[in-house]
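Colleague: Quick one: this structure, given as structure tokens, is what I'll be asking you about.
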Amino acid sequence: MGEAIGQSLPVAVGVLLSPMPVVAVVLMLVTPRARADATAFLAGWVLGIAALGTVVVLVAGAAAGSGEPPTWVAVLKIVLGVLALLVAVAQWRGRPRGDAEPPVPGWMRAVDGFTPVRAFGLAVLLGAVNPKNLLLVASGAVAIATATDETGARAVALAVFVVVASVGVAAPLVVYLTAGARAAAVLGGLRTWLVRENAVVVATLMLVIGTKLLGDGIGAL
């Protein structure tokens, strides 16, 4: 169990630090349905990551079997590592330069009119369907499935992965519920910084995680 948690934890931290889901929650917390929308978003985020992680763990675990991981596991890690590095390069090249404003996704402009159901759906999309997050969650789940062949250990490791990966989304809601009048200023500053530095943050995360996956895969060959 310890090895499964240790192998997947860096990837979970990468999911935790993904800027766009945090920005989504912050935007919801300044709408009339702040608490309901943000809570629904957190639930959708947890469910999306847990569902995707479970599917990948089951498939990868069944394919890997027991004993020493087969060669395809190392190859898969290399492929995931290369994909992560390509995303890092694309994000870095697309970062805003000088005083240029980063493009704002359409869903951000529509957040004011969100219902809890739409907030839940957006969270599932960002958590389990968005290509950058899908790559990270799949990488973490593969690491769990290949680190141990015990079902209970895999379940616990995946639960830890989901909790850690959800801290970033939960944090703004906690601030909103506990910081009182100061919450608006804190969350507003966080939102501005995350939107501005999204590409740089994602590029850095993908570089670190891609390098780790690539090294793990090469080392296992």
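If you read the sequence shown in this note's numbering, its first letter stands for residue 68, the second for the next number, and so on.
We put the beta carbon where it would ideally sit given N, CA and C, even for glycine.
It should be emphasised that the depicted structure is a prediction, and the values quoted were computed from it without experimental measurement.
When you compare the segment 227-246 with the segment 111-126, are there three or more beta-carbon pairs, one atom per stretch, that lie closer than 8 Å?
Modeller: Yes, they touch.
Colleague: Just to confirm my understanding: we take V269, look at its own chain, exclude 5 residues before and 5 after, and list those with CB closer than 8 Å. What are they?
Modeller: Within the same chain, V269 has close Cβ partners S85, P86, V154, A155, Q158 and K199.
Colleague: Please confirm whether K144 and S206 have their CB atoms less than 9 Å apart.
Modeller: Yes. Within cutoff.
Colleague: Is N197 helix, strand or coil by DSSP?
Modeller: N197: coil per DSSP, three-state reduction.
Colleague: Only counting the same chain, and skipping five residues up and downstream in sequence, which positions put a Cβ closer than 7 Å to that of A296?
Modeller: One cannot answer for residue 296 here, as it falls past the ends of the chain, which runs 68 to 288.
Colleague: Check whether the Cβ atoms of A107 and P183 lie closer than 9 Å to each other.
Modeller: Cβ distance < 9 Å, so A107 and P183 count as in contact.
Colleague: Only counting runs of 4 or more residues, tell me where the alpha helix (DSSP H) segments fall wholly within the segment 192-248, in order along the chain.
Modeller: Complete alpha helix (DSSP H) runs here, min 4: 198-214 and 218-245.
Colleague: Which same chain residues, not among the five before or five after L254, have their C-beta less than 8 Å away from its C-beta?
Modeller: Closer than 8 Å at Cβ, skipping near neighbours: V93, L96, V97, P239, V242 and Y243.
Colleague: CB-CB under 8 Å to L61, same chain, minus the five flanking residues each way: which ones, in chain order?
Modeller: As displayed, the chain neither begins before 68 nor continues past 288, which places residue 61 out of reach and without an answer.
Colleague: With a 10 Å radius around its C-beta and 16 neighbouring C-beta atoms as the bar for buried, classify T259 as buried or exposed.
Modeller: Label assigned to T259: exposed.
Colleague: In whole angstroms, what separates the C-alpha of T213 from that of V149?
Modeller: Taking the straight line joining both Cα atoms gives about 19 Å.
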